[in-house]
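Engineer: Mind looking over this structure? Questions follow.
In structure tokens form, the structure reads like this:
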């Protein structure tokens, strides 16, 4: 059968992985897809360098727009970084009647609604499995595998860089800055690590997950985002003493009055599988009404894991290329006219349990006055850990775990506690999720 | 849009779950599927009992063949046990041009090739996500999510009953027979538990997994099957001392000369996520060349988890109902004319590491003579655990862990060891997989 022709934009880590895996597994992939998939044009930054890697089997250009305009190309694979140029390319590809496969979560978190609308009106598909959790087929699981369910919440370790750093901080008891340097040396973190360590990348992915899980438009701007750069190694240690691990989670939870969409360091009971996802691995835990909890685990980044997801989308597109558009799986799981607006709740309205660390004077009555403030806010305390003051010190760390309550209440309590004379410095506050 | 009409055969645990979830989540499911899914006829054993549960919204019959012959029914949901009658019903449904959704692994492991051939020639779909690992969308992951990959092996905890029993045996240090009784009391094991505890159910599922992973015809007869009924609690204990957990695994591994397809109790390093899957939960670990390891975890049985998978298939069928048959996902992942025959290796040709427990005389030279036998078979020993003999005893347990070798070699070594005067009774042998 005649090959389906694809055009590849970008030949970096992921692009070269797509090229390599497609060539290596061509026979097996064709046996699955029903016809061969061929990359007939590649847009790269430096044509001379690419020639050595790609060979002469396909046309190489340094003009990405040549790919999206090429008459032979049926699928455009967009694998460049950033969102502005990628968006222009994606839109032009779609408007030229080409299917699009992309790993670009930033672009989709910002322009997704517009891109999917354009694809819908052109009758083309947009595959973006690679945009969330790399090689783990989590988009497919949410969109198709769990389609019977009312999805209650999704919580995921969806950024490998931060999970690598947190695992190392815990393992070695080292501070963030030191581990970040090691991660950069090993290639797990970028030279400018901001997007990863500040939680922006995870928030892009969580935003897409929320849309697919709950059938709501994409709303990255409303996501609450907090990274790990200010996380203190001592809190990882205290959390561990209390039976918890700290992970950067992306959380999307459906509540009666709206959707919680938030990314932040989170204490998880150490017995949960999610707490035991180490290094650069990713995992997504989904809680749904019929199936209960399901978990999906694998490599969230890297050349070939991401290529695996890109090519899976290419196979899906190939299998479905001639099917009626209305019979394809909807981009955001729900039919496009069936997306419902739901408010994304401000973080103060979100509910969580909390880990609080206070530096307190070693004197009688301190715990009583703090406990009273919590009681007045109707916040119950689940556990307390107080370190013996070192000899000569007249202050010590007091760690409290609260039960679930509204974030605004905890913030009020913290503000009041900050007024106490016996409390020194800033109160450290981390969120805690039971995930049961 | 007009509803798609389904007919349900069987209203037991799963059937009633399908009915309940479909009714509860109808609005959300329709928003995903693009049109409502309606069960218009249900075949049950006792019509009077069913009337109370089902109400009067759909026709109830005690003749299953009425469902597969009903002109309005587009999807037949087959949820009865056993394989003979189910097979007759499935075949007639297909030959009447109806799509089939089934949770019946026994039927598919035995008659799958024939059923898929019939479906192919009739241009209808057969959904069987619920047949493997209940609510976990593992069929979809293997068939679509990982389609870029050369799959190397799959190892799964795919029977909840045995995992529940093994977890309890370890937790409480209780013998198999006692825990089985508790499992029966709690509803985790059937009155006749043979199919579960002897590994047959897991082998049905592993057989389907092997076909989908490697693109080979279904060959249940060639699977090696060993259950947990003769597992001794002491081996669970020794395994734990050595850093391992024992799980009943279904393993499908592609080798150069064929496919390993086997179900048996298996030692797994306790650090692996799979080793920490407890109770009735299921999990499947897939090792593929591009994506690396991915793991899928969730409830492998039960009313609503299984219903989740059944309904997901119904949504897939609904979405794809009017698409060209050649553009649908192939039943066994590979296009029907692209299945390749590969031999299933006899167990003697399979490779594994081994746990061996011997009762040996407490006298000098025993270990040396045993070690010599292994050396002669080129089997290297990875670890040794020897219990101090209790006072008054003149024999003790010796536990050995081998490195990976061919099963036939270990069997030869065991036969020779059995001849040693210093070795008492039967050598206990368990397989061990590193899963890395």
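Protein chains in written order, with my numbering: chain A, 1 to 436; chain B, 1001 to 1436. Every residue gets a Cβ at the ideal spot worked out from N, C-alpha and C, and that includes glycine.
Output needed in chain order: residues of the stretch 1129 to 1153 of chain B with a Cβ under 7 Å from some Cβ in chain A.
Structural biologist: So the close ones are 1135, 1136, 1137, 1140, 1141, 1144, 1145, 1146, 1147, 1148, 1149, 1150.
Engineer: Taking a cut of 7 Å between CB atoms, which residues from the stretch 60 to 83 of chain A lie near chain B?
Structural biologist: Result list empty, no residue passes.
Engineer: Return no unless some Cβ of chain A is closer than 8 Å to the Cβ of residue 1038 of chain B.
Structural biologist: Here residue 1038 of chain B is taken as the residue at index 38 of the second chain, counted from 1. Chain A contact via Cβ: absent.
Engineer: Closest to residue 1339 of chain B by CA distance: which of A:10, A:29, A:17 is it?
Structural biologist: The residue you call residue 1339 of chain B lines up with position 339 of the second chain. Taking only the C-alpha atoms, the option nearest residue 1339 of chain B is A:29.
Engineer: Ends of the beta strand (DSSP E) at residue 1177 of chain B?
Structural biologist: Along the second chain, read from residue 1 onward, the residue named residue 1177 of chain B stands at position 177. From DSSP, residue 1177 of chain B is part of no beta strand (DSSP E) but of the alpha helix (DSSP H) over 1176 to 1185.
Engineer: Return the residue from the list B:1150, B:1139, B:1148, B:1149 that minimises the CA-CA distance to residue 146 of chain A.
Structural biologist: Here residue 146 of chain A corresponds to residue number 146 of the first chain, with the count starting at 1. Closest by alpha carbon: B:1139.
Engineer: Does DSSP classify residue 1020 of chain B as helix, strand or coil?
Structural biologist: Counted from its first residue, the second chain places residue 1020 of chain B at position 20. Residue state, collapsed to three classes: helix.
Engineer: What is the residue span of the alpha helix (DSSP H) that residue 51 of chain A lies within?
Structural biologist: Taking the first chain and counting its residues from 1, one reaches residue 51 of chain A at position 51. Unbroken alpha helix (DSSP H) run through residue 51 of chain A: 47 to 54.
Engineer: Does DSSP put residue 322 of chain A in a helix, a strand or coil?
Structural biologist: The residue you call residue 322 of chain A lines up with position 322 of the first chain. Note: residue 322 of chain A maps to coil in three-state DSSP.
Engineer: Please tell me whether residue 102 of chain A has its Cβ less than 8 Å away from any Cβ of chain B.
Structural biologist: The residue given as residue 102 of chain A occupies position 102 in the first chain. Chain B contact via Cβ: absent.
Engineer: Going along chain B in order, which residues have a C-beta closer than 9 Å to the C-beta of residue 334 of chain A?
Structural biologist: Within the first chain, numbered from 1, the residue matching residue 334 of chain A stands at position 334. Correct list: 1028, 1031, 1032.
Engineer: Between residue 31 of chain A and residue 1215 of chain B, is the Cβ-Cβ spacing less than 8 Å?
Structural biologist: The residue labelled residue 31 of chain A in the question sits at position 31 within the first chain. The residue labelled residue 1215 of chain B in the question sits at position 215 within the second chain. Yes; because the gap between Cβ atoms is below 8 Å, this pair is in contact.
Engineer: Sorted by chain position, which residues of the same chain lie with C-beta nearer than 8 Å to residue 1169 of chain B's C-beta, five sequence neighbours on each side aside?
Structural biologist: By 1-based counting over the second chain, the position of residue 1169 of chain B is 169. Answer for residue 1169 of chain B: 1175, 1176, 1179, 1231, 1233, 1236, listed in chain order.
Engineer: Could you spell out the range, first to last residue, of the alpha helix (DSSP H) harbouring residue 1347 of chain B?
Structural biologist: By 1-based counting over the second chain, the position of residue 1347 of chain B is 347. No alpha helix (DSSP H) holds residue 1347 of chain B; DSSP gives it neither H nor E.
Engineer: For the candidate residues B:1007, B:1041, B:1280, whose alpha-carbon lies nearest to that of residue 1166 of chain B?
Structural biologist: Position 166 of the second chain, counted from the start, is the residue given in the question as residue 1166 of chain B. Taking only the C-alpha atoms, the option nearest residue 1166 of chain B is B:1280.
Engineer: Beta-carbon of residue 1228 of chain B versus every beta-carbon of chain A: anything under 8 Å?
Structural biologist: Against the second chain, residue 1228 of chain B aligns to sequence position 228. Chain A contact via Cβ: absent.
Engineer: According to DSSP, is residue 378 of chain A helix, strand or coil?
Structural biologist: Position 378 of the first chain, counted from the first residue, corresponds to residue 378 of chain A. Of the three classes helix, strand and coil, the one that applies to residue 378 of chain A here is coil, per DSSP.
Engineer: Considering only their Cβ atoms, is the gap separating residue 244 of chain A from residue 270 of chain A smaller than 8 Å?
Structural biologist: Taking the first residue of the first chain as position 1, residue 270 of chain A is located at position 270. Taking the first residue of the first chain as position 1, residue 244 of chain A is located at position 244. Contact: yes.
Engineer: Using a 10 Å radius around the Cβ and a threshold of 16 neighbouring Cβ atoms, would you call residue 431 of chain A buried or exposed?
Structural biologist: If you number the first chain from 1, residue 431 of chain A lands on position 431. Label assigned to residue 431 of chain A: buried.
Engineer: Does DSSP put residue 354 of chain A in a helix, a strand or coil?
Structural biologist: Taking the first chain and counting its residues from 1, one reaches residue 354 of chain A at position 354. DSSP places residue 354 of chain A in strand when its eight states are reduced to three.
Engineer: If you drop the 5 nearest sequence neighbours on each side, which residues of the same chain put their C-beta closer than 7 Å to that of residue 389 of chain A?
Structural biologist: Residue mapping note: residue 389 of chain A aligns to position 389 of the first chain, counting from 1. So the list reads 362, 395, 396, once near-sequence residues are dropped.
Engineer: Do you know offhand how far residue 1393 of chain B's Cα is from residue 1433 of chain B's?
Structural biologist: Start at 1 with the first residue of the second chain, and residue 1393 of chain B comes out as number 393. Start at 1 with the first residue of the second chain, and residue 1433 of chain B comes out as number 433. About 33 Å.
Engineer: Restricting to Cα atoms, I'd like to know which of B:1351, B:1251, B:1240 is closest to residue 1207 of chain B.
Structural biologist: Counting from one through the second chain, the residue named residue 1207 of chain B turns up at place 207. Here the closest residue by C-alpha is B:1251.
Engineer: So if DSSP puts residue 984 of chain B in a beta bridge, which residue, or which two residues, is it bridged to?
Structural biologist: In the structure displayed, chain B extends from 1001 to 1436; residue 984 of chain B sits before or after that span and is not available.
Engineer: Assuming residue 9 of chain A contacts residue 76 of chain A (C-beta within less than 8 Å), just tell me the rounded distance between them.
Structural biologist: Numbered from its first residue, the first chain carries residue 9 of chain A at position 9. Numbered from its first residue, the first chain carries residue 76 of chain A at position 76. At roughly 7 Å, the Cβ-Cβ gap stays under 8 Å, so residue 9 of chain A and residue 76 of chain A are in contact.
Engineer: Counting contacts by CB-CB distance shorter than 8 Å, is residue 293 of chain A in contact with chain B?
Structural biologist: Here the question's residue 293 of chain A lines up with position 293 in the first chain. For residue 293 of chain A, the answer is yes, since a Cβ of chain B falls inside 8 Å of its Cβ.
Engineer: Say whether chain B places a C-beta atom closer than 8 Å to the C-beta of residue 125 of chain A.
Structural biologist: Locating residue 125 of chain A in the first chain gives position 125, counting from the first residue. It does not: the Cβ of residue 125 of chain A has no partner Cβ on chain B nearer than 8 Å.
Engineer: Which value, in whole angstroms, describes the spacing of the CA atoms of residue 369 of chain A and residue 292 of chain A?
Structural biologist: Residue mapping note: residue 369 of chain A aligns to position 369 of the first chain, counting from 1. Residue mapping note: residue 292 of chain A aligns to position 292 of the first chain, counting from 1. C-alpha separation (whole angstroms): 41 Å.
Engineer: Is there contact here, the stretch 117 to 132 of chain A with the stretch 1284 to 1302 of chain B, by at least three beta-carbon pairs under 8 Å?
Structural biologist: Contact between the stretch 117 to 132 of chain A and the stretch 1284 to 1302 of chain B is absent, because fewer than three Cβ pairs lie under 8 Å.
Engineer: Mind pulling the chain A residues with CB within less than 9 Å of residue 1215 of chain B?
Structural biologist: Sequence index remark: in the second chain, residue 1215 of chain B carries index 215 (1-based). Simply 28, 31, 32.
Engineer: Residues of the stretch 298 to 317 of chain A with a CB closer than 7 Å to any CB of chain B: list them in chain order, please.
Structural biologist: Within the stretch 298 to 317 of chain A, the qualifying residues are 298, 299, 304, 305, 307, 308, 311, 312, 315, 316.
Engineer: Please go through the same chain and pick out, in chain order, the residues whose beta-carbon is closer than 7 Å to the beta-carbon of residue 109 of chain A, but skip the five residues on each side of it.
Structural biologist: For the purposes of this step, residue 109 of chain A is taken as residue 109 along the first chain, with counting starting at 1. So the list reads 204, 207, 208, 218, 220, once near-sequence residues are dropped.
Engineer: Just the Cα atoms here: how many angstroms apart are residue 326 of chain A and residue 191 of chain A?
Structural biologist: Locating residue 326 of chain A in the first chain gives position 326, where the first residue counts as 1. Locating residue 191 of chain A in the first chain gives position 191, where the first residue counts as 1. In a straight line, the C-alpha of residue 326 of chain A is about 44 Å away from that of residue 191 of chain A.
Engineer: List the residues of chain C whose Cβ lies closer than 9 Å to the Cβ of residue 1013 of chain B, in chain order.
Structural biologist: The structure shown contains no chain C; the protein chains it does contain are A and B.
Engineer: CB-CB under 6 Å to residue 360 of chain A, same chain, minus the five flanking residues each way: which ones, in chain order?
Structural biologist: Working through the first chain from its first residue, we reach residue 360 of chain A at position 360. Excluding sequence neighbours, residue 360 of chain A sits near 366, 398, 422, 423.
Engineer: With 8 Å as the C-beta to C-beta threshold (strictly closer), list the residues of the stretch 1316 to 1330 of chain B near chain A in chain order.
Structural biologist: Hits within the stretch, in order: 1316, 1319, 1320, 1321, 1322, 1323, 1324, 1326, 1327, 1328, 1329, 1330.
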